[in-house]
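Residue numbers (our numbering), protein chains in the order written: chain U, 12 to 200; chain F, 2 to 386. Quick reminder that beta carbons are idealized off the backbone N, C-alpha and C, glycines included.
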Amino acid sequence: MDHPLENDLALLAGGEAGRIRRFLLDRHVRTCAVCRETVAEYRELRSELSEPGLPDLNWNFLAAEMRANIRLGLEAGACVRSTQVFRRWNPRLGIAFAGLTLLVGSGFFLRDVRPLRYLPTAAASEAATTVLRSTGSAVEIRTGARSLALLNHHGNAVNQTVSAQGDIGTRYIDSETGSVIINNVYLQY
Amino acid sequence: MSICNIRRTAVVVFLFALAAALSAQETTLDPSSSLKIDLPPDAPLNLISTTMGDSRATSRGGTVVLDLHMGLTLRNSGSRHIRGVTLLITAQEFAPGGKGSVARPSIDVPPGENFTLPIDIRLVRPVRETAGPLVRVQLDGVLFDDLSFYGPNKLNSQRALTFWEVEAQRDRAYFRQSLRARGEKGLQQEILASLAKQADRPQLDVSLTRNGRIVGSTVPATDHVAQFAFLNLPGAPVQPLEGWAAISGNEARSPQIEIVNNSGKPVRYVEIGWLVKDKQGREYLAGSVPAPESTMVLPPGHRTRLQQDTALKFSRAGRPIEIDGMTAYVSQVEFADGRVWVPSRRDLDSSPLLRVTAPSPEEQRLADIYSKKGIAALVSELNRY
């Protein structure tokens, strides 16, 4: 005679077997004394586990100790929070930010060493093109990062001449001598 | 983040910033070693002294920035009065891509006297190419009061100095005539009118590049070809016939102008003044279209075409100037015998369009004397030579 598995008998004893499985197991148990005895043992064990006895402890003392631990945890947490607030204003961080500001500032002021106020913004291919430009303060020839500029350093009242042949001149009155100075820059082949 | 980590980060950032600052600081070089001044031994000029002022050569990262603020004191060692000097400035960085010149026209330096020439240069170049002087200053030409010339003339300084001198003679004669005819009051009115004209003159910022196209080739679809209108000055020995340029927004390219020699003498150089008009109807002096550098001799009655393969972009106060029209006039002519023609004062007053043309260097200088020292100083200057 084939007996069902003990796991199935345990499920039957606990009322947790499926409906069809329970019908088949019940039919077997009615005709099998061995399995009926096994199911009975599982039911007895289950009834014993459902009513465990409480250990003999001082529950009031245990509750007081738990409350004390909770208070201690809250106070420790408060200490940690106050330390973090203090770190936010740590002067070392200030030094770090000052260094960073110095770095960014250096980059800003050193980003361009050209005398003119405008920069070539064209693509890299255009950067290789030689361009002759004039402004009120200088006339400049530039190829990529290289440039040559003649500045109207000592005077103003600039007049400008542009030749389609490839040169630009600026003319100003030298404030020291009162003479006319003409700076020309030539774009050559 | 722990305190230890914060401290470590702060130290790293600070050291990095310090290193960046140290590497970026100006490393002072010797500017005098970056400069070479060459005067030919037989030149009618002697170099008396050179002041370097606040010149400095600095190294920033991978770049050398040479700021030269020099004053050259030169002596007229010849026997004639000097009317103008041009120095050629070359930077090895740009040879053969570019060069400059510093000129001082409208002077009267007797033999044995000194005069100064300020030179202010900024050169930016990679630091790796540092062999030899960065900038070389050479004499390109000296013009004397009899319009004779000395110098290698690599920049055609003889022509430029001669034109400036002829314009100076024209304008000095004009203001002297005003003084004689109408007294100091009349001269004052003329010079005030000149100052007002200079103040009203709108100026453009211009960038110039080689066109990269063959002159006369097909232009892009965004371009259109605009024709020049011409102002014919009554006394001009050369007459413009027709001309055009490719226009695209604020850019004008490949100007071409056909001219005819109406004089009885062969012409070897012509320069056409070029005015542009924006969409609002304002006129500006854009530049000039000169004859090519190659030798041109235009016999009487013959025609030729002036054409330049360059592109000019115009802007004002950072805003592009949309070109709506162009006008041209003959501004300079040099005959084969070396004599030159410039428009007369009457020619320049003949059209309101020419109000935007630049005053001559001498007119600019005389107006500056009046502005700074008054009418008595101007009269004294006009009576000097």
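Where DSSP assigns a beta bridge to residue i, which residues make up the other side?
{"i": "valine 334/F", "result": "Val271/F, Trp342/F"}
{"i": "phenylalanine 229/F", "result": "Met327/F"}
{"i": "lysine 278/F", "result": "Glu284/F, Gly326/F"}
{"i": "valine 66/F", "result": "Thr59/F, Val125/F"}
{"i": "leucine 75/F", "result": "Leu48/F, Phe116/F"}
{"i": "isoleucine 106/U", "result": "DSSP lists no partner for isoleucine 106/U."}
{"i": "asparagine 195/U", "result": "Gly180/U, Ser102/F"}
In the DSSP assignment, the alpha helix (DSSP H) including residue i goes from what residue to what residue?
{"i": "lysine 374/F", "result": "362-374"}
{"i": "valine 167/F", "result": "158-201"}
{"i": "arginine 81/F", "result": "Segment: none, arginine 81/F is in no alpha helix (DSSP H) and carries neither H nor E."}
{"i": "isoleucine 31/U", "result": "30-42"}
{"i": "alanine 21/U", "result": "17-25"}
Report the neighbours of residue i on chain F: residues whose CB is nearer than 7 Å to its CB, in chain order.
{"i": "serine 174/U", "result": "Gly288, Ser289, Pro291"}
I want to verify the contact list: residues of chain F whose CB lies under 8 Å from the CB of residue i, in sequence order.
{"i": "isoleucine 184/U", "result": "Gln365, Arg366, Asp369"}
{"i": "glycine 177/U", "result": "Leu209, Arg211, Gln309, Thr311"}
{"i": "alanine 74/U", "result": "None at all; the shortest Cβ gap to chain F is about 37 Å."}
May I have the straight-line CA-CA distance separating residue i from residue j, to the nearest angstrom?
{"i": "glutamine 257/F", "j": "valine 271/F", "result": "13 Å"}
{"i": "isoleucine 122/F", "j": "alanine 160/U", "result": "6 Å"}
{"i": "aspartate 37/U", "j": "glutamate 59/U", "result": "23 Å"}
{"i": "lysine 37/F", "j": "leucine 69/F", "result": "12 Å"}
{"i": "aspartate 146/F", "j": "serine 264/F", "result": "26 Å"}
{"i": "threonine 219/F", "j": "glycine 274/F", "result": "A caution first: threonine 219/F carries a pLDDT of 45, below 50, which makes its placement in the model too unreliable to give a value."}
{"i": "serine 372/F", "j": "phenylalanine 164/F", "result": "25 Å"}
{"i": "glycine 85/F", "j": "valine 143/F", "result": "6 Å"}
{"i": "glycine 88/U", "j": "proline 102/U", "result": "24 Å"}
{"i": "proline 127/F", "j": "proline 134/F", "result": "14 Å"}
{"i": "glutamine 204/F", "j": "glycine 147/U", "result": "9 Å"}
{"i": "alanine 25/F", "j": "leucine 114/U", "result": "Unreliable positioning characterises alanine 25/F in this predicted model, as indicated by a pLDDT of 48, which lies under 50. The coordinate reading is nonetheless provided below. Taking the straight line joining both Cα atoms gives about 10 Å."}
{"i": "tryptophan 342/F", "j": "arginine 57/F", "result": "43 Å"}
{"i": "lysine 186/F", "j": "glutamine 178/F", "result": "12 Å"}
{"i": "isoleucine 215/F", "j": "arginine 183/F", "result": "For isoleucine 215/F, the pLDDT reaches just 38, beneath the cut-off of 50, and the residue's location in the model is therefore unreliable, leaving the point undetermined."}
{"i": "alanine 74/U", "j": "isoleucine 81/U", "result": "11 Å"}
{"i": "arginine 181/F", "j": "valine 207/F", "result": "41 Å"}
{"i": "proline 126/U", "j": "serine 158/U", "result": "Note that proline 126/U has pLDDT 40, beneath the 50 cutoff, so the model's placement of it is unreliable and the number below is only indicative. Taking the straight line from one Cα to the other gives about 9 Å."}
{"i": "histidine 82/F", "j": "arginine 340/F", "result": "19 Å"}
{"i": "threonine 3/U", "j": "lysine 198/F", "result": "This structure leaves residue 3/U out entirely; chain U is present only between 12 and 200."}
{"i": "arginine 347/F", "j": "leucine 354/F", "result": "13 Å"}
{"i": "alanine 44/F", "j": "serine 34/F", "result": "24 Å"}
{"i": "leucine 118/F", "j": "leucine 75/F", "result": "8 Å"}
{"i": "isoleucine 152/U", "j": "phenylalanine 116/F", "result": "28 Å"}
{"i": "leucine 162/F", "j": "threonine 188/U", "result": "19 Å"}
{"i": "serine 107/F", "j": "serine 289/F", "result": "22 Å"}
{"i": "leucine 276/F", "j": "tyrosine 330/F", "result": "9 Å"}
With respect to the beta strand (DSSP E) encompassing residue i, which residues constitute its N-terminal and C-terminal limits?
{"i": "glutamine 257/F", "result": "252-262"}
{"i": "glutamine 176/U", "result": "No beta strand (DSSP E) holds glutamine 176/U; DSSP gives it neither H nor E."}
{"i": "threonine 1/F", "result": "Because chain F in this structure spans residues 2 to 386, residue 1/F falls outside the shown range and cannot be described."}
{"i": "leucine 36/F", "result": "36-39"}
{"i": "glycine 155/U", "result": "Careful: glycine 155/U lies outside any beta strand (DSSP E) and carries neither H nor E."}
{"i": "glycine 244/F", "result": "239-249"}
{"i": "arginine 137/F", "result": "136-145"}
{"i": "leucine 143/U", "result": "141-145"}
{"i": "glutamine 308/F", "result": "304-308"}
Within 10 angstroms of its Cβ, does residue i collect 16 or more other Cβ (buried), or is it exposed?
{"i": "tyrosine 386/F", "result": "exposed"}
{"i": "arginine 160/F", "result": "buried"}
{"i": "alanine 287/F", "result": "buried"}
{"i": "threonine 181/U", "result": "buried"}
{"i": "leucine 56/U", "result": "exposed"}
{"i": "glutamate 363/F", "result": "buried"}
{"i": "leucine 23/F", "result": "Because leucine 23/F carries a pLDDT of 49, less than 50, the predicted location of this residue cannot be relied on, and the following value inherits that uncertainty. It counts as exposed."}
{"i": "tryptophan 70/U", "result": "exposed"}
{"i": "methionine 77/U", "result": "exposed"}
{"i": "glycine 217/F", "result": "Legend: pLDDT at glycine 217/F = 40, less than 50; position of this residue unreliable, value from coordinates given subsequently. Burial call: exposed."}
{"i": "glycine 236/F", "result": "exposed"}
{"i": "lysine 280/F", "result": "exposed"}
{"i": "asparagine 194/U", "result": "buried"}
In chain U, which residues lie with their C-beta within 8 Å of the C-beta of residue i?
{"i": "isoleucine 122/F", "result": "Leu159, Ala160, Leu161, Leu162"}
{"i": "proline 134/F", "result": "Going along chain U, no residue has its Cβ under 8 Å from proline 134/F, so there is no contact; the nearest lies around 14 Å."}
{"i": "isoleucine 322/F", "result": "Correct list: empty, because the minimum Cβ distance to chain U is about 13 Å."}
Can you pull the chain U neighbours of residue i, defined as C-beta to C-beta under 7 Å?
{"i": "glutamine 170/F", "result": "Going along chain U, no residue has its Cβ under 7 Å from glutamine 170/F, so there is no contact; the nearest lies around 15 Å."}
Who are the neighbours of residue i on chain F, taking C-beta pairs under 9 Å?
{"i": "glycine 189/U", "result": "Arg366, Asp369, Ile370, Lys373, Lys374"}
{"i": "alanine 87/U", "result": "Here the premise fails: no neighbours, minimum Cβ distance about 17 Å."}
{"i": "alanine 156/U", "result": "Gly63, Thr64, Val125, Arg126, Pro127"}
Starting from residue i, find everything on chain U with Cβ-Cβ shorter than 9 Å and list it in chain order.
{"i": "aspartate 206/F", "result": "Tyr129, Arg144, Ser145, Thr146, Gly147, Gln171"}
{"i": "valine 103/F", "result": "Leu161, Ile192, Ile193, Asn194, Asn195"}
{"i": "lysine 155/F", "result": "Those within 9 Å of lysine 155/F in chain U number zero; the least Cβ separation is about 10 Å."}
{"i": "threonine 117/F", "result": "Asp185, Glu187, Thr188, Ser190"}
Cβ-heavy atom distance between residue i and the ligand GDP below 8 Å?
{"i": "glutamate 55/U", "result": "Looking at this structure, you won't find the ligand GDP or any other ligand, since it has none at all."}
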